[in-house]
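Please read the structure below before turning to the comments.
Numbering (the working numbering), first residue to last: 18 to 1208.
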């Protein structure tokens, strides 16, 4: 049976879960007869002794031959050229380690031995037998006599010979003798792990230590996993096990001769590792589309494909299964296709490292070295190193958790071995100070900073990265974008098919500025590419700025696509942004000079504008960033210039200046870096807000927003400088102040003033005819077409004197006055730590005709009367994150509240605890993840139409749970990716009402809790990574509820609730609901959507751009665009009014014509708006304040 045909059936059944038909699920062939396990190596068969090309090793080989002559009358061929071609059953004896013996090298990279120049240590040696090692010696057995040097190898040889006393001793059984390695069982606590990773880890401990107790423990875990698979054919291969599967298969190949197993158990485990292919095939994205040609590796193809390769070669070699041929050929095509390009498909440091691992491992396993020989490996390493600051921390491009660095893993091991990079070792350094540990939550790095392959190699400062350095764009990626080839890019699948709008020779991937100084130097990273897998829409963004050893501008976050959450420009034209920022930036200028550098980049056709970003750097002084936006067509433009820094609680912002104070040395004991205070100063006013990253890191984001009505050719400019305080020779702190003279001229005031001029300008009879010029007393730095241009001394002096006479530009601040000064009736609480997971609910609990307000406030659940007086309070043991009042219940539980430890507490109307329920925490399907244990959403609804509400809980642990009104569990699903973002309900009379859900990864779901699977991915549509809001309406009047969903990534679509089609980007991908229409708002993203009734249904959506859209839900056409003037993060409709809560702490009341009727400042960003009757509402803020308003 051909594999290709059955893969389609398997994928169809697994993915198209909505179908009621299908075919028999494919299974790989059964192993009818166990292969021969001859565990005796017969030295009398003859063979080869392979030794390093060194006479000392040859003498050791001669000693072995002498012994063989005495005992078995056999002489082995001594080989130093490594060109052996052994016949079947001949024995290979290999001496040395993987650096000086290519036979051991191949065994090393196929995980049959671990002998390298640093292991098993200065006093250790290894004797081990390897049976039929793949891929090159499947008919031979190998004896490894290993050590890091001649002397330790000699000890191994002597120990080996001491064991050969008689001819009977020349029948060698399974042997693993590991001597004096210094290793112990804290290699890794794999005992706590289960599945393939636990088996692999303990098998590796056995391999490195030689103690069979680890092997016994490994086999115990393997038996548990095998038994589980035998009992449940739908067992889930979790993500950690998927990533470790190739190592687990290699571990089984090595240890099986050493384990005391019956033939029955061996057969079980052989079948288990064969059957794993079925799970891997289901995971290997694009397996069916693999063909010869250029490839950009995608981790969700490469990771399972590498495991499939290791399995396929095993079963092809030992069982002859022809079904393995297609896997082997696809692996060869895919991984060797990557060799044509240096970069992978991802644009995130962590995923770059993870994705390239699989092809690198394949290359060294199969000894195919084109990727290294053609220079692509060197380019890839430079690409990675350019993203590391001087302390070895990754800048934060794409999906990344704060903060990544060079770790001890296979990717860097292979790059170390093949490239022997002293510069890579320089970046692989231990943590310098407590600063990172305290503020970034990092643990001390303990890995060895030396090379395990070249112990004498010393770290070398990477001078090639000094100054302004660009990383070339990969031609394969450029061609893919230009031709829209079908490399698997799941994130990009939700975007328009954007092609590069810059010539290849002008494109760049990353741009970095770097200096090396005793105080840590300076480092700035700019992203020139804003797509790929695990990408962010951050073309042109300043990813990070590290000054004096401290990271200030910071962009290390996960699942953040929006441009306006990066240090860059975001643009909306006429209230809309149907296309995101283009994928590639053009590097227009790049020059280095004695004490700094200048670069300019351009992004054209960006929401109707051309954006030029100019970066001027004076070492140990400041960075000046001047952004100029030119309208390419007439329109009203909203532009947002963003700066993102770490929130340590020591930041201040006064509309024009952001100050990050020096750390408090009492709590931040810096070991070798003096404290630094950071300044960001602007010529424009701004606002700031907060954000907490997925892993809990707190951020502050400054927004400089302008709304401008422009004709084609007119410009908008932003002028900013940033620096850290440094003392001059007189110990005075140097300060710099930007002053705008005109949009293209910036004055920088300090103890000696200077000027920056962008583009060609006339100043009276003086013409500056350059792309860029910096002018100070007695000095001009001029740039034209990427090169420095000489300027005469007389002209410089005259120009400087002229510029000093120019007056600052008169700035007009845009203000929209509210007609009503809106003040709250009362305010309560507040002052808590910023937290986006707070909740409020309202109802007439006391049945007296008035509304009570219940709010989560830290560990407390507090009930207020309408007049603001407290009715009761309940204190919990941990924080509360959500609450809901149950309207239809047969129990005393009237109020439920969700906790941050996955519990739901039930209280009566007087606030007395009745019951506590704990959510069943199930790892999320294939991902094996749980995330934070917060119950972020609680809703009540009569799902089964029995007159009593069910309680629906959404968690950040990727789960949704259904309880009855007595908090007894009824159902759950564990595959709401990355957590629940929104829950709404449909209505089906006399049937079970569906649960509609938006996740935090761009997914839309519709659950029938009476019958749907609990651990299956039941996603109905994908909108692009982000938090998804959902609304329900029968749009096409066919009696079936349709779904309108909007993602915070900026994509909104309506879906036909009854029709499924293939993915519109990758037609071989998951079946999705058919789109009815799409309307996008890229850059800022959507924050909420609702269906309201105004004679006919109206769709209301809000965006962080400050715009709200009133739309026709039937076709997605805009009826009205309302400008709230502030970034709207939530809203409610009360009668003919829209009440908006904003990210920058305002409540805004508007009518449906867009007139602002009232505006009120509250204590922090607004999380929830709750209507109370017809003319009142309550607002809840992220610091826990609750305000009651009347209009």
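Where is the CB? At the ideal position from N, CA and C, for every residue including glycine. Computed from a predicted structure; not experimentally measured.
What does the Cβ neighbour count give for residue i, buried or exposed, with the cut at 16 atoms within 10 Å?
| i | result |
| --- | --- |
| residue 807 | exposed |
| residue 1207 | exposed |
| residue 827 | exposed |
| residue 741 | buried |
| residue 558 | buried |
| residue 154 | buried |
| residue 750 | exposed |
| residue 274 | buried |
| residue 1162 | buried |
| residue 1199 | buried |
Does DSSP classify residue i as helix, strand or coil?
| i | result |
| --- | --- |
| residue 1019 | coil |
| residue 315 | coil |
| residue 423 | coil |
| residue 1176 | strand |
| residue 1197 | strand |
| residue 1136 | strand |
| residue 292 | helix |
| residue 184 | helix |
| residue 1074 | strand |
| residue 1 | Only positions 18 to 1208 of the chain appear in this structure, which leaves residue 1 out of reach. |
| residue 627 | strand |
| residue 169 | helix |
| residue 74 | helix |
| residue 481 | helix |
| residue 884 | coil |
Once you ignore the five residues that flank residue i on each side, which residues in its own chain have a CB closer than 6 Å to its CB?
| i | result |
| --- | --- |
| residue 1018 | 994, 995, 1042 |
| residue 567 | 693 |
| residue 873 | 855, 856, 897, 900 |
| residue 785 | 774, 778 |
| residue 542 | 412, 529, 560, 561 |
Strictly by DSSP, which residues pair up with residue i?
| i | result |
| --- | --- |
| residue 1120 | 1103 |
| residue 378 | In the DSSP output, where bridge partners are listed per residue, residue 378 has none listed. |
| residue 933 | 922 |
| residue 778 | 785 |
| residue 892 | 877 |
| residue 916 | 897 |
Have a look at residue i and residue j and give me their C-alpha separation to the nearest angstrom.
| i | j | result |
| --- | --- | --- |
| residue 731 | residue 636 | 33 Å |
| residue 841 | residue 296 | 58 Å |
| residue 933 | residue 913 | 9 Å |
| residue 1094 | residue 1039 | 14 Å |
| residue 589 | residue 581 | 11 Å |
| residue 232 | residue 238 | 10 Å |
| residue 361 | residue 313 | 5 Å |
| residue 165 | residue 470 | 10 Å |
| residue 715 | residue 707 | 7 Å |
| residue 1204 | residue 1031 | 40 Å |
| residue 609 | residue 377 | 35 Å |
| residue 631 | residue 618 | 7 Å |
| residue 1119 | residue 843 | 27 Å |
| residue 736 | residue 138 | 57 Å |
| residue 269 | residue 585 | 50 Å |
| residue 1105 | residue 895 | 29 Å |
By Cβ distance below 8 Å, which residues in the same chain neighbour residue i in space, the five residues on each side in sequence not counted?
| i | result |
| --- | --- |
| residue 765 | 639, 641, 738, 753, 754, 755, 756, 771, 772, 773 |
| residue 575 | 416, 417, 418, 710, 711, 712 |
Can you list, in chain order, the residues of its chain whose CB lies under 7 Å from that of residue i, leaving out five sequence neighbours each side?
| i | result |
| --- | --- |
| residue 1153 | 1168, 1169 |
| residue 800 | 606, 608, 615, 787, 788, 789, 806 |
| residue 533 | 407, 478, 483 |
At a threshold of 7 Å, does residue i count as lining the ligand COA (C-beta to nearest heavy atom)?
| i | result |
| --- | --- |
| residue 53 | Among the components of this structure there are no ligands whatsoever, and the ligand COA is therefore not found. |
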